Amino acid sequence: MLEKLANVEPVVFFIALFVATFLVAWLLTLVWSKGKALAESTREKAPAKKSMGFLSTLFVFLIVVLVLLVLAVTRFYTAFTSHQLVAIVECYPTREYGGNAFELVLTRVVDGKHKASESYIIRGEDWSLGGDILEWQSFMNVVGLKSMYRLTRLQGRYDEAEEEMTENITAYALVDEEKSQFWETLYNLAVKTPIIKSAHQNFVATHPFFGDYFEVYVTPTGYTMERFEGKR
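Residue 0 is where the sequence shown starts when you use numbering that gives the first Met the number 0, and the numbers rise one by one after that.
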């Protein structure tokens, strides 16, 4: 439920917040009015009427504040814990390309839609996937802005740095131009713009774990992934 709230557009969220608050306030006012009318039917004292009116207003005000507080906390929580699925990775062993090589099947996810799967031969002990990420300041996440991202590269890697220097590794570009002028501009603007926290590159990497699959997400702070046992 919280993940669904995190993906709601801010305009829709605030409209829903207003409607929910209005309905709760209206319902509580109606119930309180009925109760007050019933109480007044048993006693006709004027001071009691004024007291009841003040208490009803105070009661409704406190309920509205409580509802707003709960919804605001929910929005804050989901803004900082939301994650968007951007890719699915599956790895398979292969003997055609030597010992430290395996097949990787990448399925990109764009706006919730799975694209056609792509197959790559990875040389190395691990695989690595990532690219550009623009991280907004926290208050911008709260109002609904999500991290900008661009998957740019898939590559192999070794556990030891020395092997990275001596062994063959593979790297695949996932975009036509890895060095984008648009992103270079964002890199330069990030340090000068108060609403941007950082613009940088971020990668996730792990062993292939044949027989399992991985889901790669983009979050308010960068890329992350989750491993699942078995085939999807």
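Using N, Cα and C, we set each Cβ at its ideal position, and we do this for glycine too. Please read these numbers as outputs of a predicted model, since none were measured by experiment.
I'd like to check one pair, V217 with S146: are the Cβ atoms closer than 8 Å? Yes, these two residues count as a Cβ contact at 8 Å.
Beta-carbon gap between R231 and I87 smaller than 8 Å: Result yes, Cβ atoms of R231 and I87 sit closer than 8 Å.
By Cβ distance, which residues of its chain are closer than 8 Å to A198, with the 5 residues on each side in sequence left out? Result list for A198: D131, I132, L133, E134, W182, L185, Y186, L188 and A189, in chain order.
Expressed to the nearest angstrom, what Euclidean distance is found between the alpha-carbon atoms of F209 and M139? Note on geometry: alpha-carbon atoms of F209 and M139 lie some 39 Å from one another.
For L105, which of R152, E162 and R156 has the nearest alpha-carbon? Cα-wise, what sits closest to L105 is R152.
Kindly provide the ranges of any beta strand (DSSP E) runs that are 3 or more residues long and lie completely inside the region 97 to 183, ordered along the chain. Entirely contained in the region 97 to 183, the beta strand (DSSP E) runs reaching 3 residues are, in chain order, 100 to 109, 117 to 122, 125 to 135, 147 to 156 and 170 to 172.
Report the residue from W126, I62, Y171 and K196 whose alpha carbon sits nearest the alpha carbon of P219. If you compare the alpha carbons of W126, I62, Y171 and K196 with that of P219, the shortest gap goes to K196.
In the DSSP output, which residue or residues are listed as bridge partners for R226? F213, per the DSSP bridge assignment.
Sub-8 Å separation of V108 and L84 beta-carbons: Yes, they are a contact pair.
What residues match up with F202 in a beta bridge as DSSP calls it? Per DSSP, G129.
Please name the residue or residues paired with P219 in a DSSP beta bridge. For P219, which the question treats as bridged, DSSP gives no partner whatsoever.
CA-CA distance, T192 and G98? Each residue's alpha carbon lies about 48 Å from the other.
According to the Cβ coordinates, are W125 and H206 closer than 8 Å? Just to set this straight, residue 125 is Asp in the shown sequence, not Trp. H206 is positioned such that its CB atom lies closer than 8 Å to that of D125.
If R122 and Y96 are in contact, beta carbons under 8 Å, what's the gap, nearest whole angstrom? Confirmed, about 7 Å.
CB contact flag (Y212, E117, <8 Å): Y212 is not a Cβ neighbour of E117, given a cutoff of 8 Å.
For Q180, count neighbouring Cβ atoms within 10 angstroms of its own Cβ and tell me buried if that reaches 16, exposed if not. Under this definition Q180 is an exposed residue.
Would you say T223 and H82 are within 8 Å of each other, going by their C-beta atoms? In this structure, H82 lies closer than 8 Å to T223 by Cβ.
Span separating the alpha-carbon of Y157 from that of N167: Just so you know, the alpha carbons of Y157 and N167 end up roughly 10 Å apart.
Leaving out the 5 sequence neighbours to the left and right, which residues in its chain are closer than 7 Å to N201 when beta-carbon positions are compared? Cβ within range, chain order: G129, I132, G221 and Y222.
Locate the beta strand (DSSP E) running through P92, then write down its first and last residues. Residues Q83 to P92.
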